[in-house]
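Participant: Start counting the sequence shown at 1; every next residue gets the next number (full-length UniProt numbering). Below you'll find the structure I mean.
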Amino acid sequence: QAEEIEKEYVLDEKPPHLTLAQKFGLVQAPKQLLSETEWSGVKDKSNKRDDSGEPCVICKEDFGLQEQVILSCSHVFHRACLQAFERFTGRKTCPMCRHEQYQTRVIHEGARVYRHKAAARIQANWRGYVVRSWYKKLRETVPPKDPLLKKKFYEEKLSGIVDRMIKSIDVNMVDFLREIDNSVEQSRAVFSQWDALHNPVTPEMWDAIQLKAVERGDVDCPICLTELHLSCSQATSSPRRDVQSVAAQTVKQKSSKPSSSSDNTLGNPKQSRKQQDRQLLEKLSGTLGSSTHGQKMSDPSHDDLNAVSSEASCDTTTDRVENLSQGQPKRESSTSSMFVTQSKREMEAPTAVGHRRIRATVLLSCTHVFHSTCLRTLEEMAMVDMRNTCPVCRAHYQKKVITF
């Protein structure tokens, strides 16, 4: 196959047969094509001058693997370069010796020289690579005798060991750090949930939570958006206005306290806080009780049972607040707060107050208030994986069923 690819052939056409005049010498006959022996002599003459190893005279580039032609005058060119020269000059003349009516033959001496040079270059590069690898391995295995070079030798060896260890781990540092952050976040969530669920809430803490819920003035369940009936004013026409007015008066009273009272309570902040809580409860119970009484007097359509239950609830709250202000023990103060814990069954029983059914209400340790049924349904249906999580603030909670 290589011989077929590198087969040499003549490009000139065979001349026509000689005429009778040309045979008898009356007319000059054209030159006949060179034989194989003559072409071999022409090629040997070119090879002795090493024309194929030199660049093409026309384009000044190496012959490479492109087609190469030799003329009958023993000069060599690129086939494409010679054809372009003939086309632009308009005559068939050798660019080197100006020989006219030459014959051309395709040869492959330039490609053979090019492959030889390429093979020699590849072998030289390979031998250089082998020697450099051998020398590098020698430097890595045999420590030098000079102290400075020996120190550098061991430093490079240790660095190479560390690099190989890092590459063998093949860990994406970004994903690794992200996984650590997620683990830390989950651990914090577990610990916070444990603290929120297993640390008992004292009665004093429940009192503070109830006061915060009252001060915020929320009278609608955040889930069903209906009234919570947080106080005796559940039978009034505007419970939201009553609670908000009490909270506003309490805040105003706190901001406009005389300096003497602040001086007396400065040394004992706990006593000051308790006194503020008592005042808030008294103000709330008095205002809501009066609003309920006015509603009862203005609307005679209510039956006696509704009036008695409403007044009894308000009176009970007022009496308990008065007992709290007279210095009852802490255990009694926690039970005498506005909200009294009862069983779930009692809270869900229908009560005729203002011709409405009082729904059980739960107070969470995060100070948010919901209907017991709404919160339980939401946890069962939509928050299976997030139980004991407040729907408003997403905090873990303990709950307390409250009544009024």
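The beta-carbon is built from N, C-alpha and C at its ideal position, and this holds for glycine as well.
By the 10 Å Cβ neighbour count, where 16 or more other Cβ atoms means buried, how is VAL369 classified, buried or exposed?
Facilitator: Taking the first residue of the sequence shown as position 1, residue 369 is located at position 369. Answer is buried; the Cβ neighbour count reaches 16.
Participant: So, LEU228 versus VAL219, is the Cβ gap smaller than 7 Å?
Facilitator: One-based indexing of the sequence shown puts residue 228 at position 228. One-based indexing of the sequence shown puts residue 219 at position 219. Closer than 7 Å, so yes.
Participant: Counting only the same chain and skipping the five closest in sequence on each side, list residues whose C-beta sits under 6 Å from that of VAL42.
Facilitator: Your numbering for residue 42 matches position 42 in the sequence shown. Answer for VAL42: SER74, listed in chain order.
Participant: Helix, strand or coil, according to DSSP, for PHE63 in the structure here?
Facilitator: Walking along the sequence shown from the start, residue 63 turns up at place 63. Residue state, collapsed to three classes: coil.
Participant: The beta strand (DSSP E) that contains THR389, what's its start and end?
Facilitator: Walking along the sequence shown from the start, residue 389 turns up at place 389. Where THR389 is concerned, there is no enclosing beta strand (DSSP E), given that its DSSP letter is neither H nor E.
Participant: What's the C-alpha gap between VAL201 and ILE166?
Facilitator: By 1-based counting over the sequence shown, the position of residue 201 is 201. By 1-based counting over the sequence shown, the position of residue 166 is 166. Distance between the alpha carbons of VAL201 and ILE166: 51 Å.
Participant: Under the rule that 16 or more other beta-carbon atoms within 10 Å means buried, what is ASP163, buried or exposed?
Facilitator: Taking the sequence shown and counting its residues from 1, one reaches residue 163 at position 163. Under this definition ASP163 is an exposed residue.
Participant: Between the Cα of ASN199 and the Cα atoms of TYR397, ILE402, VAL401, which residue gives the shortest distance?
Facilitator: By 1-based counting over the sequence shown, the position of residue 199 is 199. The shortest C-alpha separation from ASN199 is found at TYR397.
Participant: Below 7 Å between beta carbons: does that hold for SER52 and VAL113?
Facilitator: For the purposes of this step, residue 52 is taken as the residue at position 52 of the sequence shown. For the purposes of this step, residue 113 is taken as the residue at position 113 of the sequence shown. A contact, by the Cβ cut-off of 7 Å.
Participant: What is the DSSP secondary structure of LEU378, counted as helix, strand or coil?
Facilitator: Your numbering for residue 378 matches position 378 in the sequence shown. Reduced to three states, the DSSP call for LEU378 is helix.
Participant: Any chance you could list the alpha helix (DSSP H) runs of at least 4 consecutive residues sitting entirely within the stretch 78-141, in chain order?
Facilitator: If we require 4 residues or more, the alpha helix (DSSP H) runs fully inside the stretch 78-141 come out as 79-89, 109-141.
Participant: If GLN68 and GLY110 are in contact, beta carbons under 8 Å, what's the gap, nearest whole angstrom?
Facilitator: Here residue 68 corresponds to residue number 68 of the sequence shown, with the count starting at 1. Here residue 110 corresponds to residue number 110 of the sequence shown, with the count starting at 1. At roughly 4 Å, the Cβ-Cβ gap stays under 8 Å, so GLN68 and GLY110 are in contact.
Participant: Pick helix, strand or coil for LYS145, following the three-state DSSP scheme.
Facilitator: Within the sequence shown, the letter at position 145 stands for residue 145. LYS145: coil per DSSP, three-state reduction.
Participant: Please report how far the alpha carbon of LEU20 lies from the alpha carbon of LYS31, in whole angstroms.
Facilitator: What you label residue 20 is simply residue 20 of the sequence shown in a count that begins at 1. What you label residue 31 is simply residue 31 of the sequence shown in a count that begins at 1. Each residue's alpha carbon lies about 16 Å from the other.
Participant: Does the beta-carbon of HIS371 have 16 or more other beta-carbons within 10 angstroms, so that it is buried, or is it exposed?
Facilitator: As a first step, residue 371 must be located in the sequence shown, where it is residue number 371. Classification for HIS371: buried.
Participant: Hey, is GLY41's beta-carbon within less than 7 Å of any beta-carbon in chain C?
Facilitator: Among the protein chains of the structure shown there is no chain C, as only one such chain exists.
Participant: Tell me, to the nearest whole angstrom, how far the beta carbon of LYS400 is from that of LEU363; I am working on the premise that it is less than 8 Å.
Facilitator: For the purposes of this step, residue 400 is taken as the residue at position 400 of the sequence shown. For the purposes of this step, residue 363 is taken as the residue at position 363 of the sequence shown. Confirmed, Cβ separation roughly 5 Å.
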